[in-house]
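For the record, the sequence lines run as chains A and B. Heads up: the first sequence at position 269 corresponds to 269 in my numbering, and the numbers run straight through without jumps. Heads up: the second sequence at position 523 corresponds to 523 in my numbering, and the numbers run straight through without jumps. Every residue, glycine too, gets a C-beta built ideally from N, C-alpha and C.
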Amino acid sequence: MSVEPATAPPPHLVPEHWTAAGRTLLARTIAEMAYEEMVTPRPDGPAESWCLDLPDGVSYAFQARRGAFGAWRIRPESLRRRAAGTESPATDPTRFVVDSADMLGLTRAVLADLIRDLTATHAADARLHARAIPAADLADLSHEDLEAHQTGHPCMFLNKGRLGFSAADTARFTPEAAGDFRLVWLAVTPELARFSSVSGLDRQTLLAGELDPGTRAEFADRVRDRGGDPDAYVWLPVHPFQWDEVILPLFAGQIADGSVVYLGESADRYRPLQSIRTLTNLDRPGRRNVKVPLMIRNTLVWRGLSEAQTTCAPRLTTWLQELRDGDAFLRDECRVAMLGEVASVTVPHPTYRDLPDAPYKYQELLGAIWREPVHGYLEPGERARTMATLLLEGSDGRAVVSELVDRSGLGAREWLRAYLGALLPPLLHYLYRYGASFTPHGENVVLISDAAERPSRIALKDFGADVELLPFDLPEYARIPAEARDRLHRWPAGDLAHSILSAICAGHFRFFTDIADRHLGVPEREFWSLVREPIDAYHRRFPELAERFAWFDLLGPEFGRVALNREQLLGGGFHDRAERDAEFDVMYGTLANPLHLARVDGD
Amino acid sequence: MDMVIPPGLAPGTWQRVCAALAVKMVAELAFEQALTPAPLGDGRYRVPVLPDVGYEFRGRPVAMDSWRIEPDSLVRVTDGGNEPADPYRLLLDLHRAWGLDPAVTALTVTELSATLSADAWLLHTGLPVAELAELPHLELEGHQTGHPWIFANKGRVGFSYADRARYAPESRHADPLHWMAVHRDLASFHGVPGLDEATLRERELDGATRQHFTDLLTDQRLDPAEYVWLPVHRWQWDEVVLPLFAAELAQRRIVPLGEAPDRYRAQQSIRTFGNVSRPDRFDVKLPLSILNTMVYRGIPTELVHAAPYGTTWIHSIRDADPFLRDECRVVLPGEVAAVAVRHPVFEALPQAPYRYRQLLGVIWREPVAASLDPGERARTLAALLHVDPAGRAFVAELVERSGLAPTRWLAALFAAVLPPLLHLLYRYGIGFNPHGENAIVVYDGGDVPVRLAVKDFVDDLKLLDEDLPEYADLPAQTLGVLMRFGAEELSGSIVKSLLMCHFRYLAPLCAEQLGVPQDEFWRLARAEIVAYHARFPELAERFDRFDLLAAEFPRVCLNRERLLPGGYHDRAERDASFHLDVAPVPNPLHLPPVDPTAGFPVGPEGIR
C-alpha cells in the first residue's frame with residue numbers, strides 16, 4: 001500500500017527497544033530450538049550455565065533453568081556470543097540464525113525467508129516493547145486494548161512474520177499497533193457467493209444488526225446502479241488490505257461484469273484481535289466480530305478463509321451450542337460460553353475454483369464469518385481476557401497474573417484452582433462426552449472473571465477452523481449437520497488428545513509454570529498437581545466414560561512433541577500445497593507427560 | 001487510499017482486452033511452437049489444445065514463424081459449441097493439456113489479472129495516435145502497453161491495486177522521491193570522473209533541500225560526513241527498507257530524510273524515473289522488489305558499483321570513434337553515478353535467492369533529452385508498435401507526418417538504428433540489449449528517424465568471453481560484473497531484442513497499415529546491414545562470427561520458460577538459462593546464396 005514519506009524512523013526502531021526486544025527474542029529462539037531438539041546446549045561450568053556450540057568456532061553461553069517437557073527458561077540478559085576468542089553480549093537473533101544455519105541444514109532460500117520473518121517479528125516485538133505498561137495498568141485494560149499488548153504464539157519464535165504486510169500495513173493492521181480501520185463492503189451475485197447461518201438468522205436480519213439503515217440504503221443503491229438486485233446479492237465485509245492487494249487485482253473481471261459490486265466503507269471502526277484476521281468493532285462492541293481472509297503468511301500458514309470450514313461454521317456452531325444448552329454440566333456448572341460463528345459467506349474465485357490443485361492460499365481469497373463477541377455473554381461485573389494474558393509481564397517486570405491474584409483476594413493456589421477449574425472441565429466434557437476437540441490455545445480461550453476478579457468460567461471460540469472429530473462415528477455425532485460432519489477433520493483419539501496435551505499443557509502451561517514459579521511462588525511440581533485435580537475430579541464424576549478416558553489417555557506417561565518450528569524450518573515447499581492441513585502437525589520425539597507423574601495432594 | 005473502482009473495469013472494455021490478450025497468447029505460443037495452428041481453409045486456422053477443446057481463428061502466418069490473428073476472430077471450440085476466447089480459460093486449458101505446475105499456473109493467473117486490469121485502463125484512457133505523436137517522451141511512455149512478446153507483461157507481482165494506480169507508468173503520476181542517508185559502513189558512492197558525491201548532490205538537490213537534509217542528521221547528533229544520500233522508491237521504502245533493514249534503522253545506519261521537491265515520472269521499465277520538474281537533472285534508476293516479466297526488478301549491488309566505470313569505458317570508445325561519434329551520433333545516456341547499499345546479512349548469503357541481494361541502491365543516468373539537438377524528438381522504439389483504440393498504428397501516424405514514402409521512412413529508421421548497434425558489436429565486441437524500451441529513436445523536426453539512443457549499460461550489456469584487444473581498457477571495477485558470452489549470444493541480443501521482439505511485429509504492422517510488403521520491410525533492413533559490411537570490410541572475420549544474416553536463429557521461448565515448473569522466482573541466479581528442444585527460427589534477413597560474381601542486387605544507395 002502507499003505510504004506517506006517519513007522524516008523520522010518509526011519510534012520503536014531505536015536502539016533501546018531494538019536491543020531489548022532482540023535479546024528476548026534471541027532467548028526465545030534458542031529456547032524453542034532446544035526444546036524441539038534442533039540444537040543441544042551443553043552444561044558449561046556451574047549449574048544453570050549452558051553453552052551452545054555452533055559451526056566455525058561460534059558459541060552462545062547463557063544461564064537457564066529447565067522445566068517440565070525439558071523446557072528451557074533462558075535469562076535473556078545472560079546471553080553471550082563467543083567467537084574468535086572474544087565474548088560479547090548477544091542481542092541479535094538474526095546473527096544467531098545465520099550462525100546456526102549450516103548446523104540446522106537450512107537451504108539459503110529457507111534461511112533468507114526465515115531472516116525476513118525474524119526481522120518482522122523482531123520489529124513487532126520492538127513496537128510492543130515501546131508500548132509496554134505496568135502489570136496493574138494491563139489488568140485495567142478492556143479486552144480489546146489488552147489484546148494489543150499480547151506477544152503472539154509462545155511456541156513459535158517466528159510468530160509475527162506476516163509475510164505480505166509492508167511497514168505501513170504493519171503499522172495499521174496488526175494487533176500490537178492498536179489502531180483502527182474501516183471495512184470495505186462488497187455485494188456478490190448469488191451465482192458466486194454462498195451464505196450460511198444458524199437458524200433464525202437470515203441475511204436481512206444479520207445486515208440489520210451490522211449496518212445502519214442509511215448505510216444499507218446507500219449500499220443497495222450501489223447494487224442497483226450496477227444492474228443487480230440488492231436483496232439477491234450477498235453482502236460481505238472485506239479487509240482493506242485484502243481489497244487492495246487481492247480482490248481488486250484478482251476479481252477485476254467480476255468487478256467489470258458487475259458480479260462483484262463495490263459498496264463502499266461502513267462507518268464502524270474495527271481493530272484486529274490477536275489472530276489478525278478476526279476484527280472487533282470498536283464503535284459498536286455489541287456488533288459481531290468478523291473474521292475475514294488476509295493473504296498474508298503468518299505462523300506457518302496463509303491466513304485466508306477456507307471455503308469448507310467457513311461454510312460449515314454456522315452449522316457447527318448450532319451443534320456445539322445445542323450440546324451446551326442440552327447438557328446440565330456444561331450449561332449450569334461449567335457455564336461455558338460458546339462464541340457462535342453465526343453466519344458466513346464464501347466466494348470462490350471462478351478461475352482458481354477450476355484449478356483445484358493450486359496452492360491453498362488461492363482458494364481462500366474472499367469470505368467472512370460473523371462471530372458473537374464475548375461481551376454479549378458477560379454478566380454484570382464479569383471481565384473477559386484471553387488466556388494468553390496470563391503469560392504477560394508488564395513493563396515493571398510484574399506478571400499480570402500476580403495483579404489478578406492480588407485483586408481477587410485469593411491465595412495463589414486458590415486462584416490457580418479457580419482458573420484450572422474453569423478451564424479444564426468444559427474441554428474435557430466436549431472431548432470425552434462428545435468426541436469433539438478444540439484448539440484451546442491462549443488466544444482461543446477467553447478467561448472470564450467474576451465481579452471479584454476470581455476466574456469463574458471460560459468462553460471458547462474458533463469452531464469452524466479448529467473443531468476436530470474422531471475418525472469413527474460416535475452416536476453423539478448423529479446430530480452434527482451432515483455437511484459439516486463430512487468436512488470436519490478426523491483424527492485418531494491420540495491426536496485429539498493433543499487439544500489438551502499440546503495446546504494447553506505443552507503450548508501454554510509450559511510457559512505459565514515459569515510465571516507461576518517466579519511470580520506466584522508456586523513451584524512447577526505443585527502446579528502440575530493442581531492441574532491433575534480437576535481432571536481426576538472429572539474422571540470420578542463421570543465414571544461411565546471410563547472407556548473414553550482410556551482412548552484419549554491424557555494421563556499416560558508420554559505423548560508426541562509438536563514441533564512447529566521444525567515445520568517452519570522445513571522450508572517453503574509446504575506453502576504451495578493444495579491442501580493446507582494435509583497432515584497433522586509435525587511431531588518430533590516424545591515428551592514425558594507431567595500429568596502422569598503429578599502427585600495429587602490430599603487424595 | 002483511493003478506493004474508487006478503476007474506470008476501465010467496465011464490461012465492454014474488459015471483454016475487448018480479454019479478447020486481445022487471448023489472441024496474443026495463441027500467437028506467441030504458436031511462435032514458440034507450443035501450439036500448432038492447422039489450416040481450415042478460407043483464412044481460418046484451428047489450434048488443438050485438448051482432445052475435446054480447440055481454438056479457431058482467422059489470421060495469417062508472417063515472417064519468423066509468427067502469426068497475425070484477427071482480434072475478434074478467436075473462439076474456443078468444444079462439443080458444446082463456440083465461445084469467445086478468454087485468457088483465463090485458455091490458461092486452464094493449457095494447464096490441463098501440458099500438466100503445468102499448479103503453483104506456476106496459479107501465479108500466472110495473478111499476472112494475467114494484473115495485465116488485463118492495466119490493459120483495460122490503457123484502453124479506457126487511450127489517445128488517438130495523432131495526439132500521442134505530440135506528447136513528450138516521458139508522457140508517451142505512459143501510454144505504452146508493455147512487452148510485445150510476453151503475454152503476462154504487466155504482472156508486477158508485489159504491487160497492490162493502489163500501488164499500480166500510483167506507481168505504474170500508465171498511471172502517469174508524477175511524484176516526489178523519498179531520500180535517505182545510509183552510513184558508509186553499508187553504502188558507497190561511485191561516479192564518473194568529475195562527478196563526485198558533492199557535485200552530484202549539488203546538481204540533483206537545491207541548496208535548501210541539502211541544508212534541510214543535513215540538519216535532519218545533525219539534529220540527531222549524527223555526522224553528515226559519515227552518510228551517503230540516495231533516493232528510494234516509496235514502495236521499496238515501505239515494503240523492503242523498513243521491514244528488512246529495521247536493524248539498520250534502529251542503529252541509525254539508515255536515516256530517512258523525507259522528500260525532495262522534484263517530481264518524477266516512471267518510465268516503461270517501472271524502476272527508471274524521469275525528472276519532470278527539472279528535465280536537465282538525471283534520470284534515476286531504483287530497485288523495486290516486484291516480479292515483472294520473469295524477474296525481480298531489484299538492482300544487483302555489484303552492478304550498481306560497476307555502472308559509472310562501464311559508462312566511462314563506453315563513452316571513451318564512442319568519443320574516440322568518428323563513425324559512432326560523427327556519423328551515427330549515437331546517444332549513450334551515461335550511468336554516471338551510483339550508490340550501492342549492501343544488506344549486511346543477505347549480501348553474505350550468495351546462495352540465497354537473487355531477489356534478496358538487490359534491495360537497495362541507485363543509478364543516476366543522463367536523460368536522453370539533454371543530448372537532443374533543437375527540434376529533435378525522442379521516442380522509445382517500442383512506441384512504434386503502439387496501436388490506438390481506433391486501431392491506427394503510431395508508426396503510420398509518424399510516416400504520414402514525415403511526408404516521406406513509407407519505404408523511405410523505414411530505410412531512415414533502419415539507418416538510424418542499425419549502424420551504431422552493428423558497429424559496437426562488430427568493432428568492439430559489445431552487445432547491447434536494444435529492446436523496445438532500451439532503444440530510443442531520435443527524430444528530426446519532421447518526424448524522420450535520424451539517430452539512436454541506447455541505454456541500460458551494466459544491467460544488460462554483454463561482452464565476449466574472450467579478451468579482444470578492444471577490451472584492453474576495460475576498467476577493473478567492471479571485471480567479473482559485466483556478462484561475458486560467446487559470439488552467438490552477443491549477436492543473439494540483437495536478434496532477440498530487435499528482430500524477434502520488435503521487427504517481428506513491426507513488419508506485419510507496416511504491411512497492414514503502410515502497404516509495405518513484409519519482404520520489402522526485411523529487404524530494407526538487410527540492405528542496411530549489407531551496407532555496413534561494405535563500409536567496414538576489415539571486420540569481415542567478425543561478420544562471420546556474429547553472423548546476423550545466418551539462415552536461422554535459435555528460437556527463444558519466453559512464455560514457455562515462464563510456465564516451466566520450478567519456481568523461477570526463487571533461483572539464486574537471475575539469468576539461469578533454460579533449454580527447450582525447439583526448432584530454430586528462419587531469419588528473414590537471410591538470402592539464399594547467389595552467384596557471387598553477380599554482386600548483391602540492391603545497396604543502400606539503391607533505395608535512397
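Give a yes or no on whether 8 Å exceeds the smallest Cβ distance from residue i to chain A.
{"i": "B:Trp98", "result": "no"}
{"i": "B:Trp644", "result": "Given that chain B is displayed from residue 1 to residue 608, the structure contains no residue 644 of chain B and the question cannot be resolved."}
{"i": "B:Glu239", "result": "yes"}
{"i": "B:Pro11", "result": "yes"}
{"i": "B:Gln144", "result": "no"}
{"i": "B:Ser289", "result": "no"}
{"i": "B:His233", "result": "no"}
{"i": "B:Tyr426", "result": "no"}
Looking at residue i: is its Cβ nearer than 8 Å to the Cβ of residue j?
{"i": "A:Phe549", "j": "A:Ala493", "result": "no"}
{"i": "A:Glu341", "j": "A:Arg303", "result": "no"}
{"i": "A:His239", "j": "A:Leu294", "result": "yes"}
{"i": "B:Leu463", "j": "B:Ile529", "result": "no"}
{"i": "B:Val304", "j": "B:Ala340", "result": "yes"}
{"i": "B:Arg297", "j": "B:Ile290", "result": "yes"}
{"i": "A:Leu236", "j": "A:Val188", "result": "yes"}
{"i": "B:His590", "j": "B:Ala531", "result": "no"}
{"i": "B:Gln513", "j": "B:Ala396", "result": "yes"}
{"i": "A:Leu569", "j": "A:Ala139", "result": "no"}
Using three-state DSSP, classify residue i as helix, strand or coil.
{"i": "A:Pro10", "result": "coil"}
{"i": "A:Asn593", "result": "coil"}
{"i": "B:Ile529", "result": "helix"}
{"i": "A:Phe219", "result": "helix"}
{"i": "B:His386", "result": "coil"}
{"i": "A:Ile133", "result": "coil"}
{"i": "B:Gly361", "result": "strand"}
{"i": "A:Thr352", "result": "With the sequence shown as reference, residue 352 of chain A is identified as Tyr, and Thr is not the correct amino acid for it. A:Tyr352: helix per DSSP, three-state reduction."}
{"i": "B:Met64", "result": "coil"}
{"i": "B:Leu452", "result": "strand"}
{"i": "B:Phe485", "result": "strand"}
{"i": "A:Arg548", "result": "helix"}
So, is residue i buried or exposed, given that buried needs 16 or more other C-beta atoms within 10 angstroms?
{"i": "A:Asn298", "result": "buried"}
{"i": "B:Asp119", "result": "buried"}
{"i": "B:Gln351", "result": "exposed"}
{"i": "B:Arg265", "result": "buried"}
{"i": "B:Arg60", "result": "exposed"}
Counting only C-beta atoms, is residue i closer than 8 Å to chain B at any point?
{"i": "A:Glu414", "result": "no"}
{"i": "A:Glu570", "result": "The question names Glu, but residue 570 of chain A is Leu in the sequence shown. No - not a single Cβ of chain B is within 8 Å of the one on A:Leu570."}
{"i": "A:Ile255", "result": "yes"}
{"i": "A:Glu210", "result": "no"}
{"i": "A:Val98", "result": "yes"}
Residues from the stretch 164-187 of chain A in contact with chain B, defined by Cβ distance under 7 Å: Ser166, Ala167, Ala168, Val184
Proximal residues, the stretch 109-131 of chain A versus chain B, C-beta separation under 8 Å: Ala109, Leu111, Ala112, Ile115, Arg116, Thr119, Ala120, His122, Ala123, Ala126
The stretch 342-368 of chain B: positions lying closer than 7 Å to chain A by Cβ: Val345, Phe346, Leu349, Gln351, Ala352, Pro353, Tyr356
Contact set between the stretch 135-161 of chain B and chain A, restricted to residues whose Cβ is under 9 Å from the partner: Phe159, Ser160, Tyr161
Contacting positions in the stretch 367-380 of chain A - beta carbon closer than 7 Å to chain B: none
Within 8 Å of chain A by C-beta, residues of the stretch 435-447 of chain B in sequence order: none
Residues within the stretch 341-367 of chain A neighbouring chain B, beta-carbon criterion of under 9 Å: His349, Pro350, Thr351, Tyr352, Asp354, Leu355, Pro356, Asp357, Ala358, Pro359, Lys361, Tyr362
Proximal residues, the stretch 105-117 of chain B versus chain A, C-beta separation under 8 Å: Thr105, Ala106, Val109, Thr110, Ser113, Ala114, Leu116, Ser117
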